[in-house]
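Visitor: Just so we're aligned: the sequence shown equals residues 20 to 433 in this note's numbering.
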Amino acid sequence: MKKYSAFAIAREAFRQHKGWERAWRSPEPKKSYDVVIVGAGGHGLATAYHLGRDHGITNVAVIEKGWLGGGNTGRNTTIIRSNYLQDPSAAIYEKARSLYETLSQDLNYNVMFSPRGVIMLAQTHHEVRGYKRTAHANALQGVTTEWIEPARVKQLVPIINLDGPRYPVLGGLWQARGGTARHDAVAWGYARACSDMGMDIIQQCEVTGVLQENGKVSGVNTTKGDIKCSKLGIVVAGHSGQLAEMAGFRLPLESVPLQALVSEPIKPCMDVVVMANTVHGYMSQSDKGEMVIGGGTDSHNNFTQRGSFHHVEETVRALNETFPIISRLKMLRQWGGIVDVTGDRSPILSKTPLEGCFINCGWGTGGFKAIPGSGFGFAELMAKGYSPLTAEFGVDRFRDGRFIDESVAAGVAH
Ligand SMILES: Cc1cc2nc3c(=O)[nH]c(=O)nc-3n(C[C@H](O)[C@H](O)[C@H](O)COP(=O)(O)OP(=O)(O)OC[C@H]3O[C@@H](n4cnc5c(N)ncnc54)[C@H](O)[C@@H]3O)c2cc1C
20 MKKYSAFAIA
30 REAFRQHKGW
40 ERAWRSPEPK
50 KSYDVVIVGA
60 GGHGLATAYH
70 LGRDHGITNV
80 AVIEKGWLGG
90 GNTGRNTTII
100 RSNYLQDPSA
110 AIYEKARSLY
120 ETLSQDLNYN
130 VMFSPRGVIM
140 LAQTHHEVRG
150 YKRTAHANAL
160 QGVTTEWIEP
170 ARVKQLVPII
180 NLDGPRYPVL
190 GGLWQARGGT
200 ARHDAVAWGY
210 ARACSDMGMD
220 IIQQCEVTGV
230 LQENGKVSGV
240 NTTKGDIKCS
250 KLGIVVAGHS
260 GQLAEMAGFR
270 LPLESVPLQA
280 LVSEPIKPCM
290 DVVVMANTVH
300 GYMSQSDKGE
310 MVIGGGTDSH
320 NNFTQRGSFH
330 HVEETVRALN
340 ETFPIISRLK
350 MLRQWGGIVD
360 VTGDRSPILS
370 KTPLEGCFIN
380 CGWGTGGFKA
390 IPGSGFGFAE
400 LMAKGYSPLT
410 AEFGVDRFRD
420 GRFIDESVAA
430 GVAH
């Protein structure tokens with residue numbers, strides 16, 4: 020595959036852009052592969068990429084029922100941070116954040132990583148205590164964050180109203196190298212790199228069953244026929260429960276839509292990401308100028324990937340007090356994505372009762388930021404049977420009571 024470069028852009032400008040190759044192939048599935056990954060979201064594609072790059076396993080198919088990146092990966096508000104409380108979480112999220120720093124160069128694809136900084140506002144005394152505790156924990160974990168006072172918050176976010184009558188801003192947890200990236204580009208960049216290594220990305224192909232022989236996985240039924248494999252990775256976010264059922268086991272999680280919306284584009288007014296968890300909304304400004312606003316989850320389990328009016332009203336009303344200027348903005352679009360939420364708000368990266376079958380799920384409302392680290396660790400788990408990065412995230416922890424409680428750091432009340 021030809022490399023993207025400034026020279027290539029100049030060359031193509033003179034050729035009416037007729038020389039670009041397709042970024043990835045769209046082949047028909049082969050009869051068998053060493054590894055099949057179900058789900059071409061960021062986590063599935065990153066897993067395939069690291070299987071090839073780090074472990075030399077390239078006879079891989081990534082099977083996607085829709086279009087690649089069309090699940091949560093293409094629907095999220097793209098916040099990247101690693102300021103989690105527990106050690107295993109800080110390790111995997113910080114690994115991911117540090118991989119994002121060089122992802123564009125590694126993939127030769129501009130993922131537009133923008134480490135503009137993320138503030139989590141403290142608007143109650145409980146949050147002040149919680150975030151100061153997280154800042155101390157992060158210092159011990161080698162994750163760079165700091166507690167900042169209201170004056171510094173105002174300096175970083177001039178449009179903020181510190182003196183809201185109900186929820187004044189009492190400070191914040193600041194991660195200067197947190198930020199955002201272009202979500203589609205993350206999926207596209209991994210897909211291109213996987214295709215370049217000879218892997219097959221098969222879109223519009225739904226997995227409808229899991230094949231097994233003598234307690235070991237042997238392949239999948241799909242809408243394009245059966246495909247054999249000796250290892251299977253299930254990486255389907257909001258549909259993890261269904262795939263687990265096909266493979267014959269149950270998972271301790273539930274699936275709910277998480278909603279988001281964007282405003283009309285306006286001139287640059289906020290160059291950091293702000294999360295206001297008490298009033299419940301978070302906001303950043305996209306390169307196009309839209310305010311990208313994250314809302315909450317639906318209060319009942321369902322599979323609609325749509326937004327609903329009461330969420331727009333509740334989210335915008337909540338943010339108005341802290342950001343009065345948004346009261347004058349028109350909202351352009353809203354949508355939802357199906358997230359799978361575990362009881363301790365931490366993911367599952369694990370072997371399963373079916374030999375050769377591995378599962379990566381439960382990232383809930385916050386898995387975009389984890390994509391590179393999750394792919395790195397899950398590929399190691401699939402290739403070698405063990406990864407230090409994923410060791411604590413086994414599904415057995417729910418049976419053994421070894422929870423990784425991230426209900427505060429997960430950010431969105433769900
Ligand atoms: C509105 C919203 C805002 C969010 N904001 C953030 C944020 O700011 N920061 C952050 O870190 N995270 C955020 N998240 C969470 C993040 O988007 C997800 O955790 C992450 O994208 C999950 O990636 P994934 O690859 O596991 O899943 P997905 O991207 O959903 O990919 C799973 C794929 O599996 C496919 N699939 C399902 N069933 C089958 C089947 N039977 N056969 C074949 N394919 C199948 C689906 O079509 C889908 O493409 C947000 C999520 C939403 C919905």
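Glycine included, C-beta positions come from ideal geometry on N, C-alpha and C.
Provide the residue span of the beta strand (DSSP E) that contains residue 372, from first to last.
Guide: First-last for residue 372: undefined, no H or E at that position.
Visitor: Within the present structure, is the beta-carbon of residue 127 separated from the nearest heavy atom of ligand 1 by less than 7 angstroms?
Guide: Residue 127: no, Cβ never under 7 angstroms from ligand 1.
Visitor: Is the beta carbon of residue 367 sitting closer than 8 angstroms to the one on residue 383?
Guide: Result no, Cβ atoms of residue 367 and residue 383 do not sit closer than 8 angstroms.
Visitor: What does the alpha-carbon distance come out to for the pair residue 260 and residue 226?
Guide: If you take the alpha carbons of residue 260 and residue 226, they lie about 13 angstroms apart.
Visitor: Return the chain-ordered ranges of every alpha helix (DSSP H) run that is complete within the stretch 262-346 and spans a minimum of 4 residues.
Guide: Correct list: 328-341.
Visitor: Counting C-beta neighbours from all protein chains within 10 Å, is the total for residue 432 16 or more, i.e. buried, or is it exposed?
Guide: Residue placement at residue 432 is flagged as unreliable, the pLDDT there being 46, under the threshold of 50; the coordinate-derived value follows with that caveat. It is exposed - the Cβ of residue 432 has fewer than 16 other Cβ atoms within 10 Å.
Visitor: Does ligand 1 have a heavy atom nearer than 7 angstroms to the CB of residue 223?
Guide: No; taking the cut-off as 7 angstroms, the Cβ of residue 223 has no heavy atom of ligand 1 nearer than that.
Visitor: So the candidates are 38, 137, 414, 86; which of them puts its Cα closest to the Cα of residue 268?
Guide: Among 38, 137, 414, 86, the Cα nearest to that of residue 268 belongs to 414.
Visitor: Just grab the DSSP bridge partners of residue 219 for me.
Guide: DSSP output for residue 219 lists 80 as bridge partner(s).
Visitor: Opposite residue 182 in the DSSP bridges: which residues?
Guide: Bridge partners of residue 182: none, in fact.
Visitor: Report, in whole angstroms, the separation of the C-beta atoms of residue 100 and residue 356, which I expect to be a contact under 8 angstroms.
Guide: Contact doesn't hold; Cβ gap of about 19 angstroms is too wide.
Visitor: With DSSP run on the structure shown, which of helix, strand or coil describes residue 357?
Guide: In this structure, residue 357 counts as strand in the three-state DSSP scheme.
Visitor: Going by the C-beta, is residue 246 closer than 7 angstroms to any heavy atom of ligand 1?
Guide: Checking every heavy atom of ligand 1 against the Cβ of residue 246, none is found closer than 7 angstroms.
Visitor: Please classify residue 211: does DSSP put it in a helix, a strand, or coil?
Guide: In the structure shown, residue 211 sits in a helix (DSSP, three-state: H, G or I).
Visitor: Taking the alpha helix (DSSP H) that residue 413 belongs to, which residues open and close that run?
Guide: Here residue 413 belongs to no alpha helix (DSSP H), and DSSP marks it neither H nor E.
Visitor: Measure the alpha-carbon distance for residue 22 versus residue 288 and round it to whole angstroms.
Guide: Cα-Cα distance, rounded: 36 angstroms.
Visitor: Using a Cβ-Cβ cut-off of 8 angstroms (strictly less than) and excluding sequence neighbours within five positions of residue 163, which residues of its own chain qualify?
Guide: These residues qualify, in order along the chain: 157, 194, 195, 196.
Visitor: Relative to the alpha-carbon of residue 315, which residue among 348, 282, 358 has its alpha-carbon at the smallest distance?
Guide: Among 348, 282, 358, the Cα nearest to that of residue 315 belongs to 358.
Visitor: Sorted by chain position, which residues of the same chain lie with C-beta nearer than 8 angstroms to residue 30's C-beta, five sequence neighbours on each side aside?
Guide: Within the same chain, residue 30 has close Cβ partners 38.
Visitor: Based on Cα-Cα distance, which residue from 427, 298, 310, 362 lies nearest to residue 10?
Guide: The question about residue 10 has no answer here: the residues shown for the chain are numbered 20 through 433.
Visitor: Does DSSP classify residue 35 as helix, strand or coil?
Guide: It is coil, neither helix nor strand.
Visitor: Indicate the three-state DSSP secondary structure (helix, strand or coil) for residue 399 in the structure shown.
Guide: The answer is helix: DSSP assigns residue 399 an H, G or I state.
Visitor: Tell me whether residue 207 counts as near ligand 1, meaning its Cβ is closer than 7 angstroms to at least one heavy atom of that ligand.
Guide: Every heavy atom of ligand 1 is 7 angstroms or more from the Cβ of residue 207, so no.
Visitor: Consider the C-beta atom of residue 96 and the heavy atoms of ligand 1; say whether any pair is separated by less than 7 angstroms.
Guide: Yes - ligand 1 has a heavy atom lying nearer than 7 angstroms to the Cβ of residue 96.
Visitor: Are the CB atoms of residue 313 and residue 300 within a distance shorter than 8 angstroms?
Guide: Yes; because the gap between Cβ atoms is below 8 angstroms, this pair is in contact.
Visitor: Put residue 113 into one of helix, strand or coil per three-state DSSP.
Guide: Helix.
Visitor: Note the first and the last residue of the continuous beta strand (DSSP E) segment covering residue 194.
Guide: Segment 190-194, the beta strand (DSSP E) holding residue 194.
Visitor: From residue 20 to residue 308, what distance separates their C-alpha atoms?
Guide: Taking the straight line joining both Cα atoms gives about 34 angstroms.
Visitor: Can you look up residue 433 in the DSSP assignment and give me helix, strand or coil?
Guide: Because residue 433 carries a pLDDT of 35, less than 50, the predicted location of this residue cannot be relied on, and the following value inherits that uncertainty. In this structure, residue 433 counts as coil in the three-state DSSP scheme.
Visitor: Mapping DSSP to helix, strand and coil, what is residue 41?
Guide: Of the three classes helix, strand and coil, the one that applies to residue 41 here is coil, per DSSP.
Visitor: Quick check: the Cα distance between residue 304 and residue 349, rounded to an integer number of angstroms?
Guide: In a straight line, the C-alpha of residue 304 is about 14 angstroms away from that of residue 349.
Visitor: For the beta strand (DSSP E) that contains residue 141, what are its first and last residues?
Guide: From DSSP, the beta strand (DSSP E) with residue 141 extends over 137-141.
Visitor: Just to confirm my understanding: we take residue 26, look at its own chain, exclude 5 residues before and 5 after, and list those with CB closer than 6 angstroms. What are they?
Guide: Contacts found: none.
Visitor: Between residue 107 and residue 423, what straight-line distance do the alpha-carbon atoms span, to the nearest angstrom?
Guide: Cα to Cα, the separation comes out at about 8 angstroms.
Visitor: Can you give me the C-alpha to C-alpha distance between residue 251 and residue 56, rounded to a whole angstrom?
Guide: When rounded, the distance between both Cα atoms is 6 angstroms.
Visitor: State yes or no: is the C-beta of residue 387 nearer than 7 angstroms to some heavy atom of ligand 1?
Guide: The answer is yes for residue 387.
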